[in-house]
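Engineer: The sequence shown runs 378 to 459 under our numbering.
Ideal placement from N, C-alpha and C gives every residue a C-beta, glycine not left out.
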Amino acid sequence: MKNIFKIMLTIALVVVAIYNVYITQQKVEKSDLVLANIEALAGYESGKNYGPADEVRCAGGQHKKICLCKPGYPECTETDCY
Numbered sequence: 378m379k380n381i382f383k384i385m386l387t388i389a390l391v392v393v394a395i396y397n398v399y400i401t402q403q404k405v406e407k408s409d410l411v412l413a414n415i416e417a418l419a420g421y422e423s424g425k426n427y428g429p430a431d432e433v434r435c436a437g438g439q440h441k442k443i444c445l446c447k448p449g450y451p452e453c454t455e456t457d458c459y
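1) Let me know the secondary structure DSSP gives Lys-425 once reduced to three states.
2) Alpha carbons only, please: which of Tyr-427, Val-392, Thr-454 and Ala-436 is nearest the one belonging to Lys-447?
3) Could you tell me the boundaries of the beta strand (DSSP E) in which Ala-430 lies?
4) Quick check: the Cα distance between Gly-437 and Ala-417, rounded to an integer number of angstroms?
Listed below in structure tokens is the structure:
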């Protein structure tokens, strides 16, 4: 009976250890993705938007202008919520 308990305890500890490694790996991958997104947003990107503008609703009933980026249209500047 003691041997069965030791085997079951060992299996449970191995499963917990594997799960912890998996969760840690998932957190690292997510943090790498978040860091890449922050770097992309923080870096100065000189791309231009083109195309007709469309007005979309923001939270709180406000609106903002977005560019639809269709070729053959003049340069477009997006706005924050107003």
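Structural biologist: With the given structure in hand:
1) coil
2) Tyr-427
3) 430-434
4) 28 Å
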